[in-house]
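Participant: In my numbering, the protein residues as written are 17 to 220. We put the CB at the ideal spot given by N, CA and C, even for glycine. Pasting a structure here, questions to come.
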Amino acid sequence: MACSAPLMPFLRPLGLPRPATVRHFLRFSTTPRCSAEAQAAKAARTEDANLIASRTSSASYPPESMKSLPRPKESRASHRSRHPRAERVYPTRHLVHTPTTAPKLIPEPVEPLSSDQCAPNLPYFVTRTPSNELPIYTLRKRGGNLKMTRVKKVDGKVDTLRDELRGVLGLQEKDCQVNPVTRHVVLKGHHKPQIEKYLRERMF
């Protein structure tokens, strides 16, 4: 009996917790009712004050002095179309087309020179291509700023042909060179018609 006396305070029923304590623990609950109440309370705290005021305002608000005027039925676009601005006159750029002559399929006839000035009595010989054309080609280098003419398939003394072409075309020595590897005569500028006429006169 002596031992049961100290246990009596522990066996007494406990009182209910305070309401503040219950609310403190219920805010962590996952039940739909508690979560809905928490979301409603959070939305009430974060809702815009102007939105709340518009919901609770009277029907007579706002007054007539604060209402905006209605938009006009005629738009500004139609006004601009009926009253166009003065057109500005800009200088027009006329495209200048340089007429290009079409290449002739049949070359103009030339009068050959005497037999001693024609092939094969010359120290050089120019062989035609398989399509029976003279091996004269035009080139462009440095972005098209440097124009060149090349004569290929030259046998014999290439230097003699170079000197003769330089004299006929009136070129300087630096503008008429011979490639020592390919034996091509390279001239500065486009001179294909003049070189073709020169070689055809010599029966090449």
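Could you tell me which residues DSSP puts in a beta bridge with Leu203?
Facilitator: Under DSSP, the beta-bridge partners assigned to Leu203 are Thr165 and Cys192.
Participant: Please classify Phe41: is it buried, with 16 or more other beta-carbons within 10 angstroms of its beta-carbon, or exposed?
Facilitator: exposed
Participant: Using DSSP with H/G/I as helix, E/B as strand and the rest coil, what is Phe141?
Facilitator: strand
Participant: Please report the straight-line C-alpha distance between Ser131 and Leu215, rounded to a whole angstrom.
Facilitator: Across the structure, Ser131 and Leu215 are spaced so that their CA atoms are roughly 14 Å apart.
Participant: Can you tell me whether Lys213 is helix, strand or coil according to DSSP?
Facilitator: helix
Participant: What's the call for Thr62, buried or exposed, on a 16-neighbour Cβ count within 10 Å?
Facilitator: When all chains shown are included, Thr62 counts as exposed.
Participant: Quick one: using the 10 Å Cβ neighbour count with 16 as the cut-off for buried, is Ile152 buried or exposed?
Facilitator: Buried is the call here.
Participant: With H, G and I counted as helix, E and B as strand and the rest as coil, what does DSSP make of Val38?
Facilitator: helix
Participant: I need the DSSP call for Val197, collapsed to helix, strand or coil.
Facilitator: In this structure, Val197 counts as coil in the three-state DSSP scheme.
Participant: Excluding five sequence neighbours on each side, which residues of the same chain lie with their C-beta closer than 7 Å to the C-beta of Met219?
Facilitator: Pro128, Cys134 and Ala135
Participant: In terms of residues, what are the limits of the beta strand (DSSP E) holding Gly183?
Facilitator: Careful: Gly183 lies outside any beta strand (DSSP E), inside the alpha helix (DSSP H) at Val174 to Leu185.
Participant: Rounded to the nearest angstrom, how far is the Cβ of Ile211 from that of Leu162, given a contact under 8 Å?
Facilitator: Going by Cβ atoms, the distance from Ile211 to Leu162 rounds to 18 Å, so no, they are not a contact pair.
Participant: Check whether the Cβ of Leu150 lies closer than 7 Å to any heavy atom of the ligand NAD, and answer yes or no.
Facilitator: For the ligand NAD, the structure offers nothing, since it holds no ligand at all.
Participant: Which value, in whole angstroms, describes the spacing of the CA atoms of Phe141 and Glu217?
Facilitator: 13 Å
Participant: Is Arg71 helix, strand or coil when you go by DSSP?
Facilitator: helix
Participant: Based on the DSSP output, what are the partners of Pro157 in its beta bridges?
Facilitator: Residue 157 is actually Lys in this sequence, not Pro. Bridge pairing for Lys157: Leu162 [DSSP].
Participant: Let's test the definition: count the other Cβ atoms within 10 Å of the Cβ of Thr72 and tell me whether it reaches 16, buried, or not, exposed.
Facilitator: exposed
Participant: When we look at the beta-carbon of Val201 and count the other beta-carbons within 10 Å, is it buried (16 or more) or exposed?
Facilitator: buried
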